[in-house]
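Participant:
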Amino acid sequence: MKKSQFIQFLLTLLFGPVGLFYSSMAAGFGFLIAAIYFGTFFFGLGALIFWPISIIVGFFTVSRYNGIIEKEDIKHQELLKSSKR
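Residue numbers (the numbering used here): 226 to 310.
1) Mapping DSSP to helix, strand and coil, what is residue 250?
2) Where do the N-terminal and C-terminal ends of the alpha helix (DSSP H) with residue 271 fall, by residue?
3) Among 307, 248, 267, whose alpha-carbon lies nearest the alpha-carbon of residue 226?
4) Let me make sure I understand the geometry here. Which of 267, 307, 275, 308 has the alpha-carbon closest to that of residue 243?
5) Is there contact here, the segment 252 to 265 with the segment 293 to 307, by at least three beta-carbon pairs under 8 Å?
6) Hey, out of 268, 245, 304, whose CA is closest to residue 277's CA?
7) Using CA atoms only, rank isn't needed, just tell me which of 288, 232, 237, 250 is closest to residue 272.
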């Protein structure tokens with residue numbers, strides 16, 4: 226099932242790096258750890274930098290995920306067509 230770009234945008238807009246867990250667990254963990262790390266050393270400013278970046282990364286991770294799903298669906302359809310012959 227494809228993931229929604231709009232939902233990803235809303236989640237990352239509202240929750241920042243935590244919203245990335247919708248599209249990618251790895252990106253969610255990575256950005257959350259980076260935001261906490263840089264947020265503590267730069268008095269919260271590092272976390273604010275990662276907030277808009279997580280929105281952009283969320284867009285690309287959902288696009289990548291949907292592309293993989295489309296390729297798998299095409300392979301599945303081709304397999305069904307070849308089995309009916």
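No residue lacks a Cβ here, since even glycine has one placed at the ideal position from N, Cα and C.
Facilitator: So, from the data block:
1) Along the sequence shown, read from residue 1 onward, the residue named residue 250 stands at position 25. Note: residue 250 maps to helix in three-state DSSP.
2) Taking the first residue of the sequence shown as 1, we reach residue 271 at position 46. For residue 271, the enclosing alpha helix (DSSP H) stretches over residues 270 to 309.
3) Locating residue 226 in the sequence shown gives position 1, where the first residue counts as 1. Selected option, being the one with the closest Cα: 248.
4) If you number the sequence shown from 1, residue 243 lands on position 18. Ranking the options by Cα distance to residue 243, first place goes to 275.
5) The segment 252 to 265 vs the segment 293 to 307: no contact.
6) By 1-based counting over the sequence shown, the position of residue 277 is 52. The residue with the shortest Cα to Cα distance from residue 277 is 245.
7) Translated into positions along the sequence shown, residue 272 becomes position 47. Nearest of 288, 232, 237, 250 to residue 272, Cα basis: 237.
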